[in-house]
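Colleague: I'd like to ask some things about the structure below.
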Amino acid sequence: MEKFSISQNVQYSIDDCNCRYLMGWAIHPSGIKKISISVEGHYVGDAVIGLERGDVGNNYPDISDSDKSGFAFIFNREFMDKPLCRIQVEIIPNDGRVFSLSQDDVPTLVMTLKDAIFSSGSETPVLAPVPWGVVKALRILLPDVYNTDNWSPELIRQAITDTGILYKSHAAIAPVQQWVIFLRTMWRRYNEFRQQWEHFNAFRVPDDKDGMGIGTIPEEMISIANQLYVLKSYGIPGEFAEFGCYKGFSSCCLSLACNELDIPMHVFDSFAGLPDTGSTFYKEGDFCGSFEEVSSNIATFGHISSVTFHKGFFSETVKDFKTPLMCLWMDVDLYTSALDVTPVFNLLDKRSCIFTHEFLGDSLNEDGTFRFETSEVLPAIADKFNKDGRNIAGEHMNVATGAIWEPGQGIPAASIDILEPLFS
Ligand SMILES: C[S@@+](CC[C@H](N)C(=O)[O-])C[C@H]1O[C@@H](n2cnc3c(N)ncnc32)[C@H](O)[C@@H]1O
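Numbering (the working numbering), first residue to last: 466 to 889.
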């Protein structure tokens with residue numbers, strides 16, 4: 466989608482051009498007589514001119530009426546019968562000359578949330594971390610590009626870039642608006658309460674391995690929040706489970722996403738720290754967040770009524786847990802703890818993925834195979850996949866968080882790097 470081209474002598478800006486309106490400002494030494502608008506080569510009317518623009522007046526004090534150089538035009542949707550239209554603007558100053566500008570591919574599609582509902586009978590989820598309504602919009606706008614079931618990493622990046630452009634154009638595409646606002650809202654909130662989070666673990670000294678009161682960061686959590694959004698858009702049923710909460714930073718982030726998306730969340734932890742496993746590095750009681758600390762943090766920063774707590778060692782608490790899951794996140798440090806979580810994989814929808822900590826930037830080889838020696842927990846997860854006869858694929862998200870899924874079945878997750886065009 467190109468910007469309007471620059472003309473000489475007339476100074477102007479098109480600030481916004483979408484299916485609903487076009488607005489900007491224009492100045493010329495002789496003054497502006499009229500501004501005519503065409504859609505797809507058909508004249509549709511003249512813009513209202515003379516609107517207040519104090520900012521332009523300040524920048525161009527020598528041009529008369531520059532402070533009243535604003536113009537606006539509200540489109541009649543009847544004239545926009547294609548999802549992408551060519552909009553032309555003719556700026557006609559008082560000296561009679563005509564300056565023509567045009568912009569191709571203005572997104573003129575209007576889509577409500579109702580238009581974007583996933584009806585599982587006739588559609589299949591695409592294997593991409595892009596919500597269904599957004600896929601549907603992209604397919605209408607650019608069918609040659611997006612009418613495919615083969616969502617390569619390049620196509621995923623392209624889709625997210627195009628969605629960012631659509632959002633910034635203020636196109637009236639509700640699934641795009643809702644997705645981007647969800648992600649930006651989560652991102653702001655996570656970063657906001659991170660500033661307030663108790664930096665140190667009050668029961669340790671700062672240079673202990675659990676000397677900090679926080680085990681994850683917003684950059685890791687936003688990928689999980691996005692995946693919950695995407696899975697929900699495909700109508701994938703089930704609840705969400707977290708294993709390993711420490712003082713509850715990740716729980717706060719994800720409970721907010723769960724509340725927004727109406728997904729019940731389960732938090733599993735001993736609330737007494739790690740079990741004794743004979744590890745030389747980790748000790749019994751490391752990374753302890755008491756139930757009082759965690760629940761108080763979630764009540765303050767997260768959404769406590771979205772959460773059900775399961776207190777005790779995983780080996781015990783998973784035994785009676787039979788709730789179908791749409792997604793799972795584990796931050797459990799130890800091989801044995803990861804093993805204890807794996808029975809729950811049977812409750813997980815095949816289209817989903819497992820997010821795990823201890824999945825580092827170097828946990829994958831260039832060909833996508835795992836370097837199991839980089840992590841305590843990855844071998845336990847992979848063994849479970851192998852035992853169930855499932856192939857395994859993964860992607861590093863950020864810091865020490867990665868996502869794991871069954872190729873051809875699971876919807877891959879997106880890191881914040883890939884989602885970046887939606888935040889800028
Ligand atoms: C690194 S911390 C989690 C950090 C947290 N996700 C955050 O964002 O700050 C690991 C947590 O896993 C819990 N944990 C590890 N193994 C466990 C087990 N077998 N049973 C219960 N809890 C366990 C510990 O109690 C601890 O709270």
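We put the beta carbon where it would ideally sit given N, CA and C, even for glycine.
Mind the definition here: the stretch 681–691 touches the stretch 712–729 only if three or more C-beta pairs lie below 8 angstroms; say whether that holds.
Modeller: Short answer: they touch.
Colleague: Which of the three DSSP states, helix, strand or coil, is assigned to CYS818?
Modeller: It is coil, neither helix nor strand.
Colleague: Mind checking which residues open and close the alpha helix (DSSP H) that includes ARG622?
Modeller: That run of the alpha helix (DSSP H) goes 618–633.
Colleague: HIS507: buried (16+ other C-beta within 10 angstroms of its C-beta) or exposed?
Modeller: Counting Cβ neighbours within 10 Å, HIS507 comes out exposed, since fewer than 16 surround it.
Colleague: Return the CA-CA distance between GLY680 and ALA639, expressed in angstroms with no decimal places.
Modeller: Approximately 35 angstroms between the Cα atoms of the pair.
Colleague: Would you say the stretch 728–735 touches the stretch 774–784, given that touching needs at least three Cβ pairs under 8 angstroms?
Modeller: Counting Cβ pairs under 8 angstroms, three or more are found: they touch.
Colleague: Could you check where the beta strand (DSSP E) with MET723 kicks off and where it finishes?
Modeller: First, the residue type needs correcting, since residue 723 is Cys and not Met in the sequence shown. First-last for CYS723: 714–726, but that is the alpha helix (DSSP H), not the beta strand (DSSP E).
Colleague: So, with DSSP's three-state summary, where would you put ILE514?
Modeller: Note: ILE514 maps to strand in three-state DSSP.
Colleague: CA-CA distance, GLU707 and THR613?
Modeller: If you take the alpha carbons of GLU707 and THR613, they lie about 34 angstroms apart.
Colleague: Do you know offhand how far GLU704's Cα is from LEU696's?
Modeller: Between GLU704 and LEU696, the C-alpha separation is close to 11 angstroms.
Colleague: Buried or exposed: which applies to PHE746, given that a residue is buried once 16 or more other Cβ atoms fall within 10 Å of its Cβ?
Modeller: Label assigned to PHE746: exposed.
Colleague: Just grab the DSSP bridge partners of CYS550 for me.
Modeller: DSSP lists VAL571 as partners of CYS550.
Colleague: Would you call ALA845 buried or exposed, if buried means 16 or more other Cβ atoms sit within 10 Å of its Cβ?
Modeller: Per the 10 Å Cβ criterion, buried.
Colleague: Do the stretch 611–628 and the stretch 881–888 make contact, defined as three or more Cβ pairs closer than 8 angstroms?
Modeller: Segments in contact, yes.
Colleague: Using a Cβ-Cβ cut-off of 8 angstroms (strictly less than) and excluding sequence neighbours within five positions of PRO683, which residues of its own chain qualify?
Modeller: So the qualifying residues of the chain are TRP652, TYR655, ASN656, ARG659, CYS718.
Colleague: Quick check: the stretch 530–538 against the stretch 481–496, are there 3 or more CB pairs under 8 angstroms?
Modeller: Yes, the stretch 530–538 touches the stretch 481–496.
Colleague: From LEU574, ASP480, GLY859, ILE819, pick the residue whose C-alpha is nearest to that of GLU831; which is it?
Modeller: The candidate whose alpha carbon is nearest that of GLU831 is GLY859.
Colleague: Determine the burial state of HIS822: buried for a count of at least 16 other Cβ atoms within 10 Å of its Cβ, exposed for fewer.
Modeller: Answer is buried; the Cβ neighbour count reaches 16.
Colleague: What does the alpha-carbon distance come out to for the pair ASP480 and GLN661?
Modeller: Near 37 angstroms, if we compare the C-alpha coordinates of GLN661 and ASP480.
Colleague: Does any heavy atom of ligand 1 sit closer than 7 angstroms to the C-beta of LEU799?
Modeller: At least one heavy atom of ligand 1 is nearer than 7 angstroms to the Cβ of LEU799, so yes.
Colleague: Who pairs with PRO558 in a beta bridge, going by DSSP?
Modeller: Bridge partners of PRO558: ILE497.
Colleague: Kindly indicate the opening and closing residues of the beta strand (DSSP E) around GLY476.
Modeller: Sequence inspection shows Gln at residue 476; the Gly mentioned does not correspond to that position. Per DSSP, GLN476 belongs to the beta strand (DSSP E) from 476–482.
Colleague: For ILE645, I'd like the list of residues in its chain whose CB is within less than 6 angstroms of its CB, leaving aside the five on either flank, ordered along the chain.
Modeller: What sits at residue 645 in the sequence shown is Val, not Ile. Closer than 6 angstroms at Cβ, skipping near neighbours: TYR632, LEU887.
Colleague: Count Cβ pairs between the stretch 737–757 and the stretch 783–791 that sit closer than 8 angstroms; are there 3 or more?
Modeller: In short, these stretches do not touch, since the Cβ pair count stays below three.
Colleague: Can you tell me whether SER470 is helix, strand or coil according to DSSP?
Modeller: A caution first: SER470 carries a pLDDT of 43, below 50, which makes its placement in the model unreliable, though a value can still be read off. In the structure shown, SER470 sits in coil (DSSP, three-state: anything other than H, G, I, E or B).
Colleague: Can you find a heavy atom of ligand 1 that lies under 7 angstroms from the Cβ of THR765?
Modeller: Not so, every heavy atom of ligand 1 lies at least 7 angstroms from the Cβ.
Colleague: Take MET791 and list the residues in its own chain whose beta-carbon comes closer than 6 angstroms to its own, dropping the five residues that flank it on each side.
Modeller: Excluding positions up to five away in sequence, the list reads LEU696, ILE701, GLY703, ASP814, SER817.
Colleague: According to DSSP, HIS768 sits in a beta bridge with which residue or residues?
Modeller: BP columns for HIS768 are empty, so no partner.
Colleague: State the start and end residues of the unbroken beta strand (DSSP E) segment that holds MET795.
Modeller: MET795 -> beta strand (DSSP E) spans 790–795.
Colleague: Hey, how far is the Cα of VAL595 from the Cα of THR589?
Modeller: Those two C-alpha atoms are separated by around 13 angstroms.
Colleague: If I measure Cβ to Cβ from GLY522 and keep anything under 6 angstroms in the same chain, skipping five residues before and after, which residues do I get?
Modeller: Answer for GLY522: SER531, ASP532, listed in chain order.
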